[in-house]
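The structure appears right after this line, and notes come after that.
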Amino acid sequence: MDLRETVARLLNVPKSRVVIKQEALEQLEEAITRNDVKSLLKDGLIEVKPKKSNSRGRWRVKHEKRRAGRRRGRGSRKGTRKARGAVGKETWVPKIRKIRRFLNTLKHRGVIDKATWRNLYRMAKGGYFESLAHLRTYMIQNGIVTEDKIKAAFRGGS
5 MDLRETVARL LNVPKSRVVI KQEALEQLEE AITRNDVKSL LKDGLIEVKP KKSNSRGRWR
65 VKHEKRRAGR RRGRGSRKGT RKARGAVGKE TWVPKIRKIR RFLNTLKHRG VIDKATWRNL
125 YRMAKGGYFE SLAHLRTYMI QNGIVTEDKI KAAFRGGS
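For this note's numbering, add 4 to where a residue sits in the sequence shown, where the first one is 1.
Next up, the structure:
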């Protein structure tokens with residue numbers, strides 16, 4: 005095992021990030037303990053290069069163009085109108101909270117079983133239901149519950 009590899013193991017960094025200065029070679033061969041190596045590091049004879057990361061330069065340029073209204077055309081869009089940006093989130097969050105609260109109430113009051121609840125919960129997460137009214141209609145039309153059972157579940161409060 006070469007010196008760089010030994011130092012890399014001691015410092016818990018990859019071998020490619022360890023730089024040993026020529027002057028330190030003799031001293032490093034004499035170094036026996038971890039503390040000896042650490043003292044060489046403190047003296048600046050061994051250096052650990054900083055981690056490399058992805059450049060954000062290209063992102064910044066693109067971001068500035070987007071702020072100026074470029075790169076927003078039809079061909080650049082991936083999500084639906086409702087899914088794009090803050091507007092989509094502002095409509096989604098209250099809607100999904102209302103639907104989930106409704107489903108949880110039905111489950112806790114024994115109107116629907118756990119398997120049905122899980123199935124409807126996942127459908128809601130997938131964006132299947134346009135609104136709480138759509139969910140109720142779906143449940144009634146597919147024979148999951150009756151209108152009377154839903155009303156009875158919410159009569160006692162909540």
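Cβ atoms here follow ideal geometry from the backbone N, Cα and C, with glycine treated the same way.
**Message:** Checking the sheet assignment: what are the DSSP bridge partners for glutamate 51?
**Reply:** Residue numbering aside, residue 51 sits at position 47 when the sequence shown is read from its first letter. Looking at the DSSP assignment, glutamate 51 forms a beta bridge with Val23.
**Message:** Give me, in chain order, the residues of the same chain whose beta-carbon lies closer than 7 Å to that of glutamine 31; leave out the 5 immediate sequence neighbours on both sides.
**Reply:** Here residue 31 refers to the residue found at position 27 of the sequence shown. These residues qualify, in order along the chain: Leu44 and Leu49.
**Request:** Tell me where the alpha helix (DSSP H) around glutamate 134 begins and ends.
**Result:** Position 130 of the sequence shown, counted from the start, is the residue given in the question as residue 134. That residue, glutamate 134, is in no alpha helix (DSSP H); it is neither H nor E in DSSP.
**Request:** For glycine 83, count neighbouring C-beta atoms within 10 Å of its own C-beta (all shown protein chains included) and say buried if the count is 16 or more, exposed if not.
**Result:** Taking the first residue of the sequence shown as 1, we reach residue 83 at position 79. Glycine 83 is exposed by the Cβ-count criterion.
**Prompt:** In whole angstroms, what is the alpha-carbon distance linking lysine 86 and valine 97?
**Reply:** Here the question's residue 86 lines up with position 82 in the sequence shown. Here the question's residue 97 lines up with position 93 in the sequence shown. Their backbone Cα atoms lie some 12 Å apart in a straight line.
**Message:** Quick check on glutamate 91: buried or exposed, where buried means 16 or more other Cβ atoms within 10 Å of its Cβ?
**Reply:** Counting from one through the sequence shown, the residue named residue 91 turns up at place 87. Per the sequence presented here, residue 91 reads as valine, with glutamate not at that position. Exposed, by the Cβ-count rule.
**Request:** Helix, strand or coil for asparagine 123, going by three-state DSSP, please let me know.
**Result:** The count along the sequence shown starts at 1 and reaches residue 123 at position 119. Three-state result, asparagine 123: helix.
**Asked** Can you tell me the Cα-Cα spacing of arginine 179 and serine 57, whole angstroms?
**Response** Residue 179 lies beyond the residue range present for the chain, which begins at 5 and ends at 162; the question has no answer from this structure.
**Message:** What would DSSP say about glycine 147, mapped onto helix, strand or coil?
**Reply:** Here residue 147 refers to the residue found at position 143 of the sequence shown. Residue state, collapsed to three classes: coil.
**Request:** Starting from the C-beta of serine 162, find all residues in its chain whose C-beta is less than 7 Å away, skip the five residues before and the five after it, and write them out in chain order.
**Result:** Numbered from its first residue, the sequence shown carries residue 162 at position 158. Unreliable placement is indicated for serine 162, whose pLDDT of 48 sits below 50; the coordinate value is still reported in the next sentence. If we look at serine 162 and ignore the five residues flanking it on each side, its Cβ neighbours are Thr109.
**Message:** What residue range does the alpha helix (DSSP H) around valine 97 cover?
**Reply:** What you label residue 97 is simply residue 93 of the sequence shown in a count that begins at 1. Start and end: 89–112.
**Asked** For leucine 136, which residues of its own chain have a beta-carbon under 8 Å away from its beta-carbon, when the five flanking residues on both sides are left out?
**Response** Counting from one through the sequence shown, the residue named residue 136 turns up at place 132. Counting only Cβ-Cβ distances below 8 Å, and skipping sequence neighbours, we find Lys99, Lys102, Ile103 and Phe106.
**Prompt:** In chain order, what residues of the same chain have a beta carbon less than 6 Å from the beta carbon of leucine 124, not counting five sequence neighbours either side?
**Reply:** Locating residue 124 in the sequence shown gives position 120, where the first residue counts as 1. Same-chain partners within the cutoff: Leu107.
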